[in-house]
Amino acid sequence: MVTIPFFVLNILLFLSSSAATPKSGAGHDLVRSSCVHASYPSLCFRTLSSYSGPANTPRELAQAAVKVSLSRARKVSNYLSTSVTGYNKRERVALSDCVEQIDESMEELSKTLGELKHLKGETFEFQMSNAQTWVSAALTNEDTCLDGFEGVDGKVKSDVKRKITNVAKVTSNALYMINRLNESR
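Mature numbering (1 follows the signal peptide of the UniProt record, and there is no 0) puts the sequence shown at residues -20 to -1, 1 to 165.
Structure below.
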């Protein structure tokens, strides 16, 4: 008779553990189907699948993509702001200019997020145009940051390029999600 309670206990443990395991839901499927044609699909899927907020609609997914881009830009700006010691004057100027460009990029992304949160039927096209323009401007600012490192070689340039390229990729994916949202209407 000892085996029956043991068997029941195992079944109960199995059922409780499988109930606690997250299932692939509508949000996960939306991320997968939306990211497949993004500029950087694997990065898109990785960043938006691990995003902590709910993204169950194309609008929420576009907002999440902009939030991810904004978060990455903020981290890079903070990193570059504290990385000015130990570099020559040319490198410090390039870093300072880059921080300025990334800060402008963050402003554009913040405006975009605000616009996406308040989309209205009668002004939808205008708001989407604003969002597309601002995210495109953010991408331009990120690219302009790298332009400041022309003629600079070494670790600082490669480090900044790697970090900015990552931000630009998630920003490009955010623009894709915004374009997709605009087309899905």
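For each residue, glycine too, the CB sits at the ideal point set by N, CA and C.
Query                                                                                       : Result
Separation of K47 from S19, as counted between CA atoms                                     : 17 Å
Assigned exposure category for G134 - 16 Cβ within 10 Å defines buried                      : exposed
Proximity winner among P21, K97, G66, R54, relative to residue 196 (alpha-carbon distances) : Given that the chain is displayed from residue -20 to residue 165, the structure contains no residue 196 and the question cannot be resolved.
Buried or exposed (CB count within 10 angstroms, at least 16 for buried), E95               : buried
Through-space distance from L60 to V140, alpha-carbon basis                                 : 8 Å
Whole-angstrom distance between P38 and N162, CA atom to CA atom                            : 9 Å
Which listed residue (T120, L93, L119, N121) has its alpha carbon closest to that of M108   : L93
Close beta carbons around S49, own chain, < 6 Å, minus the five adjacent residues each side : L89, V150, T151, A154
Proximity of S85 and E122 at Cβ, strictly below 8 Å                                         : yes
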